[in-house]
Each structure stands twice: as C-alpha cells, then as structure tokens.
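Undergrad: Below is one structure. I have some questions about it.
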Amino acid sequence: MSVLVFVGLYLIGDPTSMLVSPEATEIERQALRKALGLDQSIWVQYLTFLGNAAQGDFGRSFLTGQPALQLIIERMPATVELVIVAMTFSVLVGVPLGILAGLRPKAPSSKAIMTGSILGFSLPNFWIGLMLIMLFAVYLGVLPASARGETVNIGPVALSILTIDGWQHLALPALTLGLAKAALMIRVTRAATREVLPMDYIKFARAKGLRPSRILNVHLLKNILIPIITVAGLEFGQAIAFAVVTESVFSWPGMGKLLIDSIITLDRPVVVAYLIMMVFFLVILNLVVDILYMTIDPSAREKVRD
Amino acid sequence: MNFVKTRLAASAAFLLVGALSLSAADLKIGVKSEPSSLDPQFHVLVPNMQVTFAMFDPLVMMDPKLVPKPALAENWKATSDTVWEFALRKDAKFSDGSPLTADDVVFTFDRIPKVPNSPTAFTLFTRQIAKVEAADAHTVRITTKQPYPLLVTDIANLPILSKAAASGPAPEGKTTVEFNRGEGLVGTGPFKFVSWQKGADLILERNPNYWGKPAAWDKVIYRPMTNPAARAAALLSGDIDMMEDPPTTDLEQFKTNPKLSVAEAPGTRIVYIALDQKGEPSPGIPGQGNKNPLMDKRVREALSLSIDRKAIAERVMGGVAVATGDLLPEPMFGAVKARQAAPVVDTAKAKALLAEAGYPNGFQITLGTPNGRYVNDARVAQTIAAMWTRAGVKAEVAAAAPPVFFKSRDNFEYSAYLAAWGNSTGEMSTTLRSLVGTREPSKGSGTSNGGRYSNPELDALLDKASATMDDKARKELLQKADEMVLSDYGIIPVHFEVPVWALRKGLTYAARADQYTLPQDVASAK
C-alpha cells in the first residue's frame with residue numbers, strides 16, 4: 001500500500017512546485033529538492049523511506065519540517081473525540097428507533113422513522129453541515145459554527161469534552177457526522193429485529209409469559225447486537241480515518257483536515273504516514289470487534305474452543 | 307412570577323450569547339490557511355508572513371499600496387552604489403522590554419541562511435547581500451554584491467528578531483521547532499505571541515512595549531478555515547469578525563448585508579495567458595504539420611483581441627477583478643499608464659488578422675489551466691476558450707488540479723495556459739524577469755516563463771535596469787521593457803485579481819495589495 005501511495009503522489013507532480021514561492025529561482029528549487037531528497041530516483045526514495053519506517057521514522061513533512069507522525073498524533077484527540085461523540089449519538093438514537101421500527105413495521109411511526117433514515121444517509125454530509133450552521137449559528141445564533149472549543153489537558157492529550165464551551169463547539173459537527181451514522185444504525189437494527197422476532201425462542205419466551213420488557217432487553221437485544229456491533233465498528237473506523245468533509249466544513253482541527261491539506265500540497269510523508277497509521281488502526285479495531293463478539297455471543301466462544 | 311421567569315430566560319439567553327460572542331476588543335479572523343511554521347525565517351508564504359508581521363517589524367515596511375515606508379529604520383541612504391546605511395529607531399523595544407540595537411539586525415540577517423529544511427528560504431531576499439554589519443549601536447550598514455536598487459523592497463520581507471531571545475545552541479539559534487512552540491517569538495511588532503495549536507487557533511495579544519500607536523485589539527485570534535462557505539457562515543453567525551476571500555458568488559449579497567462590510571485592495575496579482583513561442587511544432591495545436599501558429603505575432607494579437615476582458619471581470623469574477631492590458635497596476639513602479647485600460651474586444655479584426663497570417667479557418671488549440679489555484683481559474687479559462695472559438699480558433703480547455711498543472715507546465719505540455727503572478731515588490735522588474743525573461747536557470751530569469759518567450763533586447767533592458775540605481779532612469783527602462791513585451795504580444799494580460807475581505811459592520815480594514823491580513827490595520831469605526 002505504501003508503494004501505491006508513494007508512486008501515486010510521485011506521478012501527480014513535484015511538491016516543490018507547490019511549496020516554493022514562484023519568485024524563487026531554479027537554483028533555490030534545486031537546493032530544496034536536494035534537501036528533501038527529491039532529487040533521488042523514486043526507488044531510492046522509497047527504499048530510504050522503508051528503512052526509516054522500519055525504525056519508526058516516517059519522515060518529516062515537506063511543508064512544516066516537523067516529523068509526520070507527530071503532526072498526525074497532535075491532531076488525533078480532536079478527531080477521536082468528535083467521532084466518539086458522533087457514534088454514541090448515532091447508537092443511542094439509531095438502535096431504539098430501529099427496534100421500534102422493527103417491532104411494528106406497519107405502524108405510521110415506523111414508516112416515518114424509515115423515511116427519515118433514508119434522508120439521513122442520502123443527504124450529503126457537507127450539505128447537512130451547512131444547513132445546521134445556517135440554522136443554529138446564523139439564524140438562531142445559539143451555537144458556534146467553527147473550530148474547537150476550550151480544551152483541558154489530561155497529560156499530553158487536549159480534550160474539549162470537559163468544558164461547556166467545548167461541548168458547544170462539538171455539538172454541530174458531531175450531529176452532522178452522527179446523523180448519517182444514526183440512519184444506518186436504524187436500518188441495521190430494524191433488519192436484525194425483523195429477523196430475530198419470528199425465531200422460536202422469542203415465541204417460546206412469549207408463551208412462557210415473560211414480561212415484554214424482559215423479552216426485549218434479554219432475548220431480542222442480545223441477539224441483534226452482533227450485526228449492530230459489526231456495523232458500528234466499521235463505521236467508527238471509517239469516521240476516524242476519513243471524517244474529512246465534516247472536519248473541513250466546521251474547520252475542526254482533526255486528522256481528516258490534515259490529510260486533505262497534505263494531499264493538496266503533495267506533502268507525501270504525511271500522507272503515507274497517515275494511511276499506514278490508519279491501516280494499523282483498522283486492524284486493531286477489527287480485533288476489538290472480534291473480542292466483543294466473544295464476550296456477547298457464547299457460540300462464538302465455543303467455536304474458538306473447538 | 308411570570309416576569310421573573312421571562313427575566314431568567316432572557317438573562318440565560320444573554321449569558322449563552324455572551325459566552326459565544328466576543329468582548330469588544332477581541333478580533334477573530336478566519337484565514338484561508340494557517341502558517342506552515344511560526345519561525346519568521348522558515349517559509350516565504352502569505353499565511354506565514356502575515357502572522358509574522360503582526361509580531362515583528364522589518365526595517366522597512368510596505369504600506370497597503372506596496373510603497374516602502376520607514377518601520378524600524380527611521381531613514382536610510384545609499385552611501386555608495388553598493389553600500390547602504392539604515393538608521394534604527396532609538397525608541398523601539400522588543401515585547402520583553404529590551405531595546406532594539408544594530409546587533410539584533412545583524413543576528414537576524416545572519417540566521418537566514420542557516421535555517422534548515424525551508425520550503426522557500428528567505429535567502430530569496432538576501433542573495434544580493436554581501437555583508438551586514440553594525441556601524442554603531444543604532445546604524446546598520448549593508449553591502450551588496452553589485453549595485454542593487456531593489457534592496458529596500460527585499461528587506462521589507464525580513465522581520466527583525468531579538469538576538470537575546472532567538473539565540474540557542476543550534477547553529478541557527480532557536481530552531482524552527484522551538485519557534486513553533488512559541489519560544490523566541492520576541493519581536494517589536496504591535497502584538498505578541500500567546501499560544502498556537504496547530505490546525506486550530508493562533509492567539510496573539512497586544513504588545514505593551516510597542517513603539518508605535520498601541521494596537522486596537524487586546525487579543526487577536528487567527529483561525530484557519532479552508533472552506534470558503536464555512537468562513538462565510540462563521541462570519542454571518544458572528545463567530546469570527548473578519549474573513550479572507552469571501553466567495554465571489556456571495557459578494558453582492560455581502561455588500562448589501564447591513565451586518566457586514568467589505569474591504570477591497572488594489573490587486574497586483576495578474577492573471578495572464580502564456581503562449582508557446584519556443585518554435586515548431588507546439589504540443590497542443592494539432593493538424594498544422596511542423597508549424598506553430600503562435601510564432602506569428604498577428605496570431606497572438608488576434609488571440610488577445612478576441613478576449614472580452616471586461617465581461618470576464620464583471621460576470622465570471624463577480625467584480626473582484628480589474629480588466630487590464632498591463633502586467634502591474636498604475637501607481638506601481640514600471641507600470642505603463644496607456645496600457646492600464648483593457649483592450650477593447652474586436653472579433654472582426656481578430657478574424658482578419660488570422661486570415662492575414664494564413665489561418666482563414668483558424669486552428670485548434672488546447673488552453674491549460676489549474677483548477678482551484680486562483681480565483682475562478684478554470685471558469686475564466688473556459689470563457690476565454692469560448693471567446694477564441696468565436697474568433698475562429700477552436701479552443702479546448704484542459705483543467706487540472708494545481709500540482710498536475712504545474713508539472714505539465716514545467717514539462718512544456720501546453721501550447722497556451724492561464725496562470726497568475728503575484729507581485730509582492732510593487733516593482734515591474736521581478737514580474738518581467740520571471741514571466742518573459744529568457745529561461746536561464748543559473749541567472750534566475752524566466753522561472754515562470756512556460757511559454758518560453760525570448761527577446762534578447764528585453765533581457766538587455768532588464769539587466770540594465772537592475773543595475774541602475776537612479777529611480778527615475780530605472781522606471782523609464784522598465785516601462786520601455788514592459789511596452790516592448792506587450793506590443794509584441796509575448797504574454798497576454800487578462801485581469802488583476804482584487805484581494806477582498808469581509809468584516810462585521812463597524813470594522814474597517816486598510817486592505818493590502820499583497821493580500822496580507824494584518825490585525826494592526828483593522829480598526830473599529832466609532
């Protein structure tokens with residue numbers, strides 16, 4: 001994958017033409033190419049990169065001269081915070097609505113929920129963002145339209161979810177990101193509910209005369225959790241790695257914005273380091289999801305034991 | 307009871323709004339992009355320079371119209387063709403209270419070539435300087451390698467650091483990384499550094515030791531907002547007080563909005579069309595055998611005549627462009643008055659010229675353009691292509707992402723391309739040398755001359771001008787050179803981009819031609 005990114009960015013163009021002031025002469029450009037190692041052939045550049053990467057050094061950003069990894073890690077808390085809030089919102093809203101729609105599929109309320117969910121994931125993200133800004137920031141003037149609020153440092157990590165100002169700034173971007181995810185959660189939950197409801201054990205539980213709330217919370221919920229966790233996990237990873245659109249609409253200082261800015265300026269070390277980090281992250285996330293399966297689903301544990 | 311409730315609700319709402327809006331003396335600016343570093347000598351780039359000049363002063367500062375004005379140097383004179391003396395202000399102090407001396411200036415110039423990994427080094431402005439020394443505590447003597455009239459405009463780009471604060475164990479003193487953390491950011495400017503979180507707010511506050519008129523703002527916040535729609539929304543909602551580059555489509559609405567005001571500067575960024583004049587054949591003109599029609603001056607004139615510059619400035623650019631026939635606007639050094647007005651479009655004459663040149667049926671041509679580098683670049687190119695087609699030259703547009711465009715341009719893959727050139731010196735020689743000077747990498751001329759126009763007479767004129775110390779004589783030489791290129795249609799100017807800012811009502815900005823957003827030039831009208 002690193003080869004792909006490397007060669008891809010190499011083919012697009014010469015980063016020096018984006019970095020150097022147009023007033024600079026060819027001598028200065030050449031000096032910069034040399035300083036950045038761009039005068040070497042692509043394969044030499046790639047092998048140098050591999051050698052350094054094996055020692056944990058992903059190179060320095062062409063633009064700022066800072067280590068690429070450090071740039072990404074600095075931006076990480078903002079994105080993680082945003083995505084966690086957005087995902088929590090989408091699960092808290094999406095799952096109950098989905099169950100509701102699944103229990104009584106013919107009721108008008110269920111139809112309304114499903115129509116709403118279609119809107120939720122078919123409307124483009126940036127449009128929702130801009131509409132929310134128009135409504136809450138420009139028209140009502142109750143929430144700020146951009147940037148991150150006040151942060152509190154917990155060790156090296158700056159968090160904004162510990163301040164009121166932080167929450168005010170977080171509300172709109174998290175809602176924008178969360179709405180589409182919530183729509184997806186509704187659909188997944190509904191489908192799973194519909195699948196589980198006609199099962200024998202539900203019928204049996206009913207016949208036993210168990211309270212509906214117990215059937216819902218124990219028999220139904222536990223069984224639909226697997227697809228929900230799968231989808232939520234995937235979506236979480238997706239959002240962490242590529243919350244680009246929401247971040248740029250709200251000027252949220254996260255990693256997605258860093259990625260897009262770096263691609264535009266052909267800042268290869270940052271792009272490569274970013275994608276490699278995301279691959280690691282997604283692999284770990286999948287592992288976590290698998291472990292969750294096992295704690296929830298006894299049959300999965302059985303399979304491992306066999 | 308009811309009354310109390312309303313009062314409570316009202317005060318709660320007030321508190322909420324109050325927490326979000328700003329106290330009177332804070333200024334929040336939505337900028338297009340953040341600086342790549344806070345090191346004042348790391349990267350020659352507008353986002354960096356504008357932040358630097360809020361905290362640091364140069365010896366000589368360009369005013370909003372790009373005329374050099376005294377800053378830390380009270381006055382200066384050339385004592386011989388190559389030696390200059392700058393007398394420093396005696397009342398200038400750094401933000402830590404220590405006085406400015408000639409040693410600080412010497413240290414500053416000394417550090418420039420030592421900064422490593424710079425994407426565009428500040429040596430750009432010091433390459434003609436042989437020696438900088440302190441004649442006494444408040445006089446700096448600069449010796450140039452040869453007679454160099456542009457020294458003053460060059461050093462206007464060099465902010466003066468504090469020797470005491472910016473020294474360190476590394477060869478360059480405080481390193482770029484240390485500057486990014488805020489260490490060593492001690493300047494004589496109207497503001498001083500408070501904090502910077504990359505990707506988020508950069509905060510400055512008033513410098514109590516400033517030698518000039520104290521700044522109007524207690525606190526200044528630069529917030530990077532790349533998305534223009536997001537900047538506009540933030541301004542409308544009162545989240546920020548000022549934004550760079552409002553979207554051209556919203557500009558009319560902004561101008562009539564009672565809550566906003568708009569500031570425009572004279573533009574110096576010229577949008578132009580370069581034509582391949584290297585020789586035969588040209589890659590984007592098929593079906594002409596070994597001939598390159600663009601070698602014929604009549605063809606180039608026809609292409610220029612068929613462009614309706616006024617229509618482009620008004621309709622495509624939404625009024626934030628000035629149609630022109632020159633490469634620099636009039637009050638600036640070397641501009642030609644008679645060339646300022648845009649040539650009137652004359653399609654019939656263009657057709658006649660083409661027929662005269664032997665192309666009664668025109669020819670095909672591809673017009674290259676970046677998409678997203680300059681304001682509405684691809685749309686302007688499409689309009690020009692349509693105008694050329696109307697005159698008989700069937701033009702197609704090849705729009706590409708900026709990095710791809712520059713790569714193709716540098717490989718000479720375009721027969722014609724649209725690009726822009728920002729002049730930060732207010733002086734014609736840099737423009738001419740880069741855009742139409744014969745390509746000669748070792749001499750640093752023709753750097754952006756992708757059309758490879760070459761005119762030995764012009765090169766000779768430019769060489770002569772750059773060694774002429776007398777302003778009046780130099781101006782005449784530059785005007786002559788400018789006229790020579792333009793009457794030869796070596797390059798086709800289209801319009802000047804006008805830098806625009808939008809502010810909340812009650813604020814005014816002394817809009818700068820170099821596109822810097824400087825908080826000290828923002829005032830609240832009372």
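Top to bottom, those sequences are chains W and V.
If you're matching positions, the first sequence starts at 1 in the numbering used here and goes up one per residue.
If you're matching positions, the second sequence starts at 307 in the numbering used here and goes up one per residue.
C-beta: ideal position from N, C-alpha, C; glycine also.
Which two residues bound the contiguous beta strand (DSSP E) that contains MET549/V?
TA: Reading the second sequence from its first residue, position 243 is the one you call residue 549/V. Note, MET549/V: beta strand (DSSP E), 548–550.
Undergrad: In terms of alpha-carbon separation, which member of THR230/W, ALA158/W and LEU50/W lies closest to ALA78/W?
TA: On the first sequence, position 78 is the one that residue 78/W refers to. Per the Cα distances, ALA158/W.
Undergrad: Would ILE448/V pass as a contact of PHE362/V if the rule is Cβ separation under 8 angstroms?
TA: By 1-based counting over the second sequence, the position of residue 448/V is 142. By 1-based counting over the second sequence, the position of residue 362/V is 56. Against a cut-off of 8 angstroms, the Cβ pair of PHE362/V and ILE448/V comes out as no contact.
Undergrad: Return the CA-CA distance between ALA571/V and TYR822/V, expressed in angstroms with no decimal places.
TA: As a first step, residue 571/V must be located in the second sequence, where it is residue number 265. As a first step, residue 822/V must be located in the second sequence, where it is residue number 516. Spanning the two alpha carbons is a distance of roughly 10 angstroms.
Undergrad: Assuming TYR723/V is part of the beta strand (DSSP E), what are its boundary residues?
TA: Residue mapping note: residue 723/V aligns to position 417 of the second sequence, counting from 1. Where TYR723/V is concerned, the enclosing beta strand (DSSP E) stretches over 722–728.
Undergrad: What residues from chain W crowd round GLY505/V, counting only those whose CB sits closer than 7 angstroms?
TA: The sequence position of residue 505/V within the second sequence is 199, counting from 1. Near GLY505/V (Cβ distances below 7 angstroms), the residues of chain W are ARG75, PRO253, LYS257 and LEU258.
Undergrad: Over the uninterrupted beta strand (DSSP E) stretch that includes LYS383/V, give me the two end residues.
TA: Start at 1 with the first residue of the second sequence, and residue 383/V comes out as number 77. LYS383/V -> beta strand (DSSP E) spans 379–384.
Undergrad: Taking the CB atoms as reference points, tell me whether LEU768/V and ARG739/V lie closer together than 8 angstroms.
TA: Residue numbering aside, residue 768/V sits at position 462 when the second sequence is read from its first letter. Residue numbering aside, residue 739/V sits at position 433 when the second sequence is read from its first letter. In this structure, ARG739/V lies closer than 8 angstroms to LEU768/V by Cβ.
Undergrad: Roughly how many angstroms separate the alpha carbons of TRP252/W and VAL138/W, rounded to a whole number?
TA: Residue numbering aside, residue 252/W sits at position 252 when the first sequence is read from its first letter. Residue numbering aside, residue 138/W sits at position 138 when the first sequence is read from its first letter. Approximately 18 angstroms, taken between the alpha carbons.
Undergrad: Whose Cβ in chain V lies nearer than 8 angstroms to the Cβ of PRO108/W?
TA: Mapped onto the first sequence, residue 108/W falls at position 108. Under the 8 angstroms cutoff, chain V gives no residues; its nearest Cβ is about 35 angstroms from PRO108/W.
Undergrad: Give, in chain order, every residue of the region 522–535 of chain V whose Cβ lies closer than 7 angstroms to some Cβ of chain W.
TA: Residues ARG529, PRO530, MET531, THR532, ASN533 and ALA535.
Undergrad: Cutting at 7 angstroms between CB atoms, please list the residues of its own chain near ASP297/W, excluding the five before and the five after it.
TA: To locate residue 297/W, count along the first sequence from 1; it is residue 297. Counting only Cβ-Cβ distances below 7 angstroms, and skipping sequence neighbours, we find ILE226.
Undergrad: Could you check if SER329/V is buried or exposed, using at least 16 other CB atoms within 10 Å of its CB as the buried criterion?
TA: As a first step, residue 329/V is located in the second sequence; it is residue number 23 there, counting from the start. Unreliable placement is indicated for SER329/V, whose pLDDT of 49 sits below 50; no coordinate value is reported for it.
Undergrad: Any residues in the region 58–71 of chain W with a beta carbon nearer than 8 angstroms to a beta carbon of chain V? Which ones, in chain order?
TA: Correct list: ARG60, PHE62, LEU63, THR64, GLY65, GLN66 and LEU71.
Undergrad: Tell me which same chain residues have a C-beta within less than 8 angstroms of the C-beta of ALA174/W, skipping the five on either side of it?
TA: Sequence index remark: in the first sequence, residue 174/W carries index 174 (1-based). If we look at ALA174/W and ignore the five residues flanking it on each side, its Cβ neighbours are LEU82, VAL85, ALA86 and PHE89.
Undergrad: Can you list the residues of chain W that LYS338/V reaches, using a CB-CB cut of under 7 angstroms?
TA: Counted from its first residue, the second sequence places residue 338/V at position 32. Correct list: empty, because the minimum Cβ distance to chain W is about 11 angstroms.
Undergrad: If contact is defined by three or more beta carbon pairs under 8 angstroms, each pair taking one atom from either stretch, is the region 722–737 of chain V in contact with the region 365–384 of chain V?
TA: Yes, the region 365–384 of chain V touches the region 722–737 of chain V.
Undergrad: Between the region 579–599 of chain V and the region 708–727 of chain V, can you find at least three pairs of beta-carbon atoms closer than 8 angstroms?
TA: Yes: at least three Cβ pairs fall under 8 angstroms.
Undergrad: Does the region 462–478 of chain V come within contact of the region 402–419 of chain V, defined as at least 3 CB pairs closer than 8 angstroms?
TA: Segments in contact, yes.
Undergrad: Nearest to SER2/W by alpha carbon, out of THR16/W, ALA53/W and ARG211/W?
TA: Taking the first sequence and counting its residues from 1, one reaches residue 2/W at position 2. Measuring from the Cα of SER2/W, the nearest candidate turns out to be ALA53/W.
Undergrad: Got a sec: is the Cβ-Cβ distance from SER248/W to anything in chain V below 8 angstroms?
TA: Translated into positions along the first sequence, residue 248/W becomes position 248. Answer yes: the Cβ-Cβ gap between SER248/W and chain V drops below 8 angstroms somewhere.
Undergrad: Using the Cα positions of ARG715/V and GLY94/W, report the straight-line distance between them to the nearest angstrom.
TA: Within the second sequence, the letter at position 409 stands for residue 715/V. Within the first sequence, the letter at position 94 stands for residue 94/W. Distance between the alpha carbons of ARG715/V and GLY94/W is about 51 angstroms.
Undergrad: Report all residues from its chain with a CB closer than 7 angstroms to the CB of THR450/V; omit the five preceding and five following residues, and keep chain order.
TA: Counting from 1 along the second sequence, the entry for residue 450/V is found at position 144. These residues qualify, in order along the chain: THR388, GLN434, ILE435, ALA436 and LEU457.
Undergrad: Considering only DSSP beta bridges, list what PHE802/V is partnered with.
TA: For the purposes of this step, residue 802/V is taken as the residue at position 496 of the second sequence. Beta-bridge pairing links PHE802/V to ILE576/V and VAL628/V.
Undergrad: For a test of the three-state rule: what should DSSP assign to THR744/V, helix, strand or coil?
TA: Numbered from 1 along the second sequence, position 438 holds the residue referred to as residue 744/V. Of the three classes helix, strand and coil, the one that applies to THR744/V here is coil, per DSSP.
Undergrad: Since PHE6/W is in the beta strand (DSSP E), which residue starts that stretch and which ends it?
TA: Start at 1 with the first residue of the first sequence, and residue 6/W comes out as number 6. Segment 2–12 is the alpha helix (DSSP H) holding PHE6/W; no beta strand (DSSP E) there.
Undergrad: Given this structure, state the Cα-to-Cα distance separating PRO269/W from GLN452/V, to the nearest angstrom.
TA: Within the first sequence, the letter at position 269 stands for residue 269/W. Within the second sequence, the letter at position 146 stands for residue 452/V. Distance between the alpha carbons of PRO269/W and GLN452/V: 41 angstroms.
Undergrad: Could you pull the start and end residues of the beta strand (DSSP E) that ARG60/W belongs to?
TA: Counting from one through the first sequence, the residue named residue 60/W turns up at place 60. Per DSSP, ARG60/W belongs to no beta strand (DSSP E) and is neither H nor E.
Undergrad: Report buried or exposed for GLU529/V, applying the criterion of at least 16 other Cβ atoms within 10 angstroms of its Cβ.
TA: Translated into the one-based positions of the second sequence, residue 529/V becomes position 223. The residue you asked about is not Glu; residue 529/V is Arg in the sequence shown. Its Cβ being crowded by 16 or more others within 10 Å, ARG529/V is buried.
Undergrad: What in chain W is Cβ-close to ASP765/V, meaning under 7 angstroms?
TA: Translated into positions along the second sequence, residue 765/V becomes position 459. Within 7 angstroms Cβ-Cβ: nothing; ASP765/V doesn't reach chain W, min ~15 angstroms.
Undergrad: Any heavy atom of the ligand ATP inside 7 angstroms of the beta-carbon of ALA569/V?
TA: Within the structure as shown, the ligand ATP is missing, as the structure has no ligands at all.
Undergrad: For PHE802/V, collect the residues of the same chain with a Cβ closer than 8 angstroms to its Cβ; drop the 5 residues on either side in sequence, then sort them by chain order.
TA: Within the second sequence, the letter at position 496 stands for residue 802/V. Hits under 8 angstroms: PRO572, GLY573, THR574, ARG575, ILE576, VAL577, ALA627, VAL628, THR630 and PRO635.
Undergrad: Between the C-alpha atoms of ALA398/V and ALA408/V, what's the straight-line distance to the nearest angstrom?
TA: Indexing the second sequence from 1 puts residue 398/V at position 92. Indexing the second sequence from 1 puts residue 408/V at position 102. Distance between the alpha carbons of ALA398/V and ALA408/V is about 11 angstroms.
Undergrad: Cβ of GLY166/W less than 8 angstroms from any chain V Cβ?
TA: Within the first sequence, residue 166/W is the residue found at index 166, counting from 1. No - not a single Cβ of chain V is within 8 angstroms of the one on GLY166/W.
Undergrad: Does TYR516/V come out as helix, strand or coil in the three-state DSSP assignment?
TA: The residue you call residue 516/V lines up with position 210 of the second sequence. Residue state, collapsed to three classes: coil.
Undergrad: Is it true that the CB of SER146/W sits closer than 8 angstroms to the CB of ALA608/V?
TA: Here the question's residue 608/V lines up with position 302 in the second sequence. Here the question's residue 146/W lines up with position 146 in the first sequence. No; because the gap between Cβ atoms is not below 8 angstroms, this pair is not in contact.
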